[in-house]
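Take a look at the structure set out below.
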Amino acid sequence: MDLPGTALDDVVSSIGESRSCSLAVDVANRDGVETMVERARQAAPDGRLDVLVNSAGIGGRGAAVEYEPELWERVLAVNLTGTLNCCQSVGRHMLEAGAGSIVNIASIGGLVGYAGSLGYQVSKGGVVQLTRTLAVEWAPRGVRVNALAPCVFETAVVARQREAEPDLYPGMLARIPIGRFGEPEEIVGPALFLGSDASAMVTGHVLTVDGGYTAQ
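If you count the sequence shown from 1, you need to add 1 to reach the numbering used here.
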């Protein structure tokens, strides 16, 4: 599921239509999320939802003293409220089934401070605490909730931001001991680990995928 959804058909074709479906949805819209979840349940052979990965998110840079209220509200609506909407909607079915794994995409921005991304960092800090709270509340009923906290990854969003603020990223790169930014495929393994039974005893954990950034 994605917005604007223009590339989703290609993804479905690469996976196979018998094993996947696509739906463009704004996760900040609760009704849209409910429709998305029902569509996913209909597409599943037995109607079960075993794993949820919450990866929808937006940036929103600006100096804190003049951070626009509209930007603040939109960033929190997508990154934090959107994550909650999906967790609640899918979580109901997982709790009823007595099993499931939720993986929320947080950020190192939810764990450490840096200048110029107030709304983003607050929203991701909220995702961290949402993850921990749901993990404690839902663990007795068989549902695990964990989060990934990546550093900068080489995505299309980052590429656009580099063009807008070319002086921003050298300083961030210098803080990563591995000496480079992450590649999108490098988030797959950690997500598979947290989503699968390989992490059956893990819940409420925030796994940093940051090349050592937060180890300092």
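Note that CB positions come from ideal geometry on N, CA and C, so glycine has one too. Predicted model only: the values in this text are computed from it and were never measured.
Taking the CB atoms as reference points, tell me whether residue i and residue j lie closer together than 7 Å.
i, j, result
"Phe194", "Glu155", "no"
"Val104", "Ala57", "no"
"Gly205", "Arg133", "yes"
"Gly48", "Arg40", "no"
"Ala262", "Leu112", "In the structure displayed, the chain extends from 2 to 217; residue 262 sits before or after that span and is not available."
"Ala192", "Val54", "yes"
So what's residue i in DSSP terms, helix, strand or just coil?
i, result
"Phe194", "helix"
"Leu72", "helix"
"Val137", "helix"
"Leu112", "coil"
"Val52", "strand"
"Glu157", "Before going on, a small fix: residue 157 reads as Ala here, not Glu. Helix."
"Arg145", "strand"
"Gly33", "helix"
"Ile228", "It is not possible to answer for residue 228, since the shown part of the chain is limited to 2 through 217."
"Met2", "The pLDDT assigned to Met2 is 47, lower than 50, so where the model puts this residue is not dependable, and the model offers no usable value."
"Ala199", "helix"
Taking the alpha-carbon positions, what's the residue i to residue j distance?
i, j, result
"Leu9", "Ala44", "16 Å"
"Ala107", "Arg75", "17 Å"
"Gly60", "Ser21", "28 Å"
"Leu208", "Leu131", "15 Å"
"Glu184", "Tyr214", "15 Å"
"Thr84", "Ser124", "10 Å"
"Asn86", "Pro171", "35 Å"
"Cys152", "Leu81", "18 Å"
"Ser200", "Arg142", "16 Å"
"Glu138", "Val38", "22 Å"
Is the beta carbon of residue i within less than 6 Å of some heavy atom of the ligand FMN?
i, result
"Val52", "Ligands are entirely absent from the displayed structure, and the ligand FMN is therefore not among its contents."
Should residue i go down as buried or exposed, given a rule of 16 or more other Cβ atoms within 10 Å for buried?
i, result
"Gln217", "exposed"
"Gly117", "exposed"
"Asp211", "buried"
"Ala140", "exposed"
"Ile179", "exposed"
"Gly114", "exposed"
Which whole-angstrom value describes the C-beta separation of residue i and residue j, a residue pair presumed to lie in contact below a C-beta threshold of 8 Å?
i, j, result
"Gly218", "Tyr68", "Nothing in the structure corresponds to residue 218, since the chain is present only between 2 and 217."
"Val203", "Arg145", "7 Å"
"Asp51", "Ser102", "7 Å"
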